[in-house]
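*Asks:* Structure below; questions to follow.
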Amino acid sequence: MRKLAAVPFPGRDARVRAVVADVALADPGGAIPDAWALPSLTPRDGRVLTIVPLAGGLHRIVFAGPEQQVTDRDAPVTGDEVRAALRNAYGDALTLRRIQWASRFTDAARQAERYRDGRVLLAGDAAHIHAPTGGQGLNLGLQDAFNLGWKLAAQVRGHAPDGLLDSYHDERHPVAARVLAYGRAQGVLGVPDDDVAALRGVVTELLALPDTNRHLAETISGLGIRYPMPDAPADPLLGRYLPDLDLVTPDGPTRLSRLTRTGRGLHLSFQASGERCVRHPGVDHVAVRPVDHLGMRDLAAVLVRPDGHVCWAARTGNSGAAPTAALARWFGAPVPA
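In this note's numbering, the protein residues as written are 352 to 688.
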């Protein structure tokens, strides 16, 4: 679809081609570890192979060598190819029993110039491609869908405010650009070179620091995303994904995820009087008890979009601005009281 719409797809072509496969192995000599360990990136004759244990007696292997660099991206992965890679790394210590699943991948990094072209909307691999190391692509594609789905539904139903569908590109394009940049950095760290090995050692030390570890974990998982919310007062939660909290409502205990399944917005009031509750046809209004959660202990009210991101928040003891502007931006003009 992207090609048919002639949407530019700038970026970098593949420099490395590799194979990933889930396989069943016979290992009578205990040559491979039972637990996950940092892979060795020391090449042997220009070849690298990593084995990671999976559930059900399977192992995931990733390998690359001169043969893979000249093999067509769509060519099937054969048993002989896997056996040759295992033999180069382990000699005769391992026997391939069967291939459960296999695929080829590259480190090409490209991103669509625009995610919307009239009635064409791009998401997932149609919008961006990158090396699969770290698994960011799954989160990235799913979060594209979460961001787009409720906006597209509002457009189809005829109650989307002006600019809502265009905000899909505005919010998701920068996120993917950052993931591609991090993926390319990971690719450099994986180069089998002595100087890069020294760099990996430095990065490993930095990962032991809690702040660094948290920052990278939030970036790779996508939980650190913070969308711009120009029509709301500043707040540490603004634009962020609200955790799936345990809540207590007048109807009893529940979880936030149960309240957001409707595809509508959610206005939570953490004040017993419910004085901050507002009325809007596209938003559910629920009074809940205050929660003892980091960064939320003094919340008075919060407005959450259908994709789980906070678009307005108010704190206890701070009257702040009413959510009128945020309601209009994301859900259309509110109904007068």
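Virtual Cβ for every residue (Gly too), placed ideally from N, Cα, C.
#1: If I measure Cβ to Cβ from Gly668 and keep anything under 6 Å in the same chain, skipping five residues before and after, which residues do I get?
#2: Would you tell me roughly how many angstroms separate the C-alpha atoms of Arg529 and Ala665, rounded to the nearest one?
#3: For Asn564, count the other beta carbons within 10 Å of its own beta carbon; 16 or more makes it buried, fewer makes it exposed. Which is it?
#4: Could you pull the start and end residues of the beta strand (DSSP E) that Gly616 belongs to?
#5: Going straight from the alpha carbon of Pro525 to that of Ser572, what length do you get?
#6: Use the C-beta contact count for Thr555: other C-beta atoms within 10 angstroms, 16 or more gives buried, fewer gives exposed.
#7: For Val639, count the other beta carbons within 10 Å of its own beta carbon; 16 or more makes it buried, fewer makes it exposed. Which is it?
#8: How do the segment 491 to 511 and the segment 397 to 414 stand: do at least 3 beta-carbon pairs fall below 8 Å, yes or no?
#9: Considering Cα atoms alone, identify which of Ala375, Ala478, Val642 and Pro579 is closest to Val661.
#10: Which value, in whole angstroms, describes the spacing of the CA atoms of Gln537 and Ser620?
#11: Would the beta-carbon of Ala496 fall within 8 Å of that of Ala474?
#12: Does the segment 377 to 384 come into contact with the segment 362 to 369, if we say contact requires no fewer than three beta-carbon pairs (one atom in each stretch) closer than 8 Å?
#13: Let me confirm a value: Trp681 is counted as buried when at least 16 other C-beta atoms fall within 10 Å, else exposed. Which label applies?
#14: What separation, rounded to the nearest whole angstrom, lies between the Cα atoms of Ala679 and Met352?
#15: Along the chain, where does the alpha helix (DSSP H) that runs through Gly509 open and close?
#16: With Ser391 as the anchor, note down where its alpha helix (DSSP H) starts and where it stops.
#17: Thinking Pro359 and Glu464 are a contact (beta carbons under 8 Å), I'd like their distance in whole angstroms, please.
#18: Along the chain, where does the alpha helix (DSSP H) containing Asp545 start, and where does it finish?
#19: Flag this pair as yes or no: are the beta carbons of Gly646 and Pro587 separated by less than 8 Å?
#20: Specify, as a first and last residue, the run of the beta strand (DSSP E) that Leu437 falls within.
#21: Where in the segment 352 to 428 do unbroken runs of the alpha helix (DSSP H), each at least 4 residues long, occur, reported from the N-terminal end onward?
#22: Trp663 and Ala583 - do their beta-carbons sit closer together than 8 Å?
#23: With distances taken from CA atoms, which of Val599, Ile576, Gly430 and Asp373 is nearest Leu589?
#24: In whole angstroms, what is the alpha-carbon distance linking Thr484 and Leu558?
#25: Cβ of Ala453 within 8 Å of Cβ of Val428?
#26: By Cβ distance, which residues of its chain are closer than 7 Å to Asp595, with the 5 residues on each side in sequence left out?
#27: Hey, Ile450 and Ala372 are a contact pair by Cβ (cut 8 Å); roughly how many whole angstroms apart?
#28: Hey, would you say Leu400 sits closer than 8 Å to Ala357, going by beta carbons?
#29: Please state whether the Cβ-Cβ distance between Leu499 and Leu472 is less than 8 Å.
#30: Does DSSP classify His631 as helix, strand or coil?
*Replies:* In this structure, then:
#1: Non-local C-beta neighbours of Gly668 in its own chain, meaning closer than 6 Å and more than five positions away in sequence, are absent.
#2: Rounded to whole angstroms, the separation of the alpha carbons of Ala665 and Arg529 is 30 Å.
#3: Flag for Asn564 reads exposed.
#4: In this chain, the beta strand (DSSP E) harbouring Gly616 covers Gly616 to Ser620.
#5: Spanning the two alpha carbons is a distance of roughly 15 Å.
#6: Residue environment for Thr555: exposed (fewer than 16 other C-beta atoms within 10 angstroms of its C-beta).
#7: Residue environment for Val639: buried (at least 16 other C-beta atoms within 10 angstroms of its C-beta).
#8: Verdict: no, contact absent.
#9: Nearest C-alpha to Val661 among Ala375, Ala478, Val642 and Pro579: Pro579.
#10: Between Gln537 and Ser620, the C-alpha separation is close to 42 Å.
#11: Taking the C-beta atoms as reference points, Ala474 is found nearer than 8 Å to Ala496.
#12: Verdict: no, contact absent.
#13: Burial call: buried.
#14: About 32 Å.
#15: No alpha helix (DSSP H) holds Gly509; DSSP gives it neither H nor E.
#16: Looking at the DSSP string, Ser391 is not in any alpha helix (DSSP H), and its letter there is neither H nor E.
#17: Rounded to whole angstroms, the Cβ separation of Pro359 and Glu464 is 4 Å, and the two are in contact under 8 Å.
#18: Asp545 to Leu558 is the span of the alpha helix (DSSP H), which, as asked, contains Asp545.
#19: Yes, the pair counts as a contact, with Cβ atoms nearer than the cut-off.
#20: Bounds of any beta strand (DSSP E) do not take in Leu437; it lies within the alpha helix (DSSP H) bounded by Gly430 to Tyr441.
#21: The qualifying runs are 417 to 420.
#22: In contact: Ala583 and Trp663 (Cβ atoms closer than 8 Å).
#23: Of the candidates Val599, Ile576, Gly430 and Asp373, Ile576 places its Cα closest to the Cα of Leu589.
#24: If you draw a straight line from the Cα of Thr484 to the Cα of Leu558, it comes to about 17 Å.
#25: The criterion of a C-beta distance shorter than 8 Å is satisfied by Ala453 and Val428.
#26: Closer than 7 Å at the Cβ level, and outside the excluded window around Asp595, lie Arg606, Leu607 and Ser608.
#27: At roughly 6 Å, the Cβ-Cβ gap stays under 8 Å, so Ile450 and Ala372 are in contact.
#28: Against a cut-off of 8 Å, the Cβ pair of Ala357 and Leu400 comes out as no contact.
#29: Yes, Cβ-Cβ distance for Leu499 and Leu472 is below 8 Å.
#30: In the structure shown, His631 sits in coil (DSSP, three-state: anything other than H, G, I, E or B).
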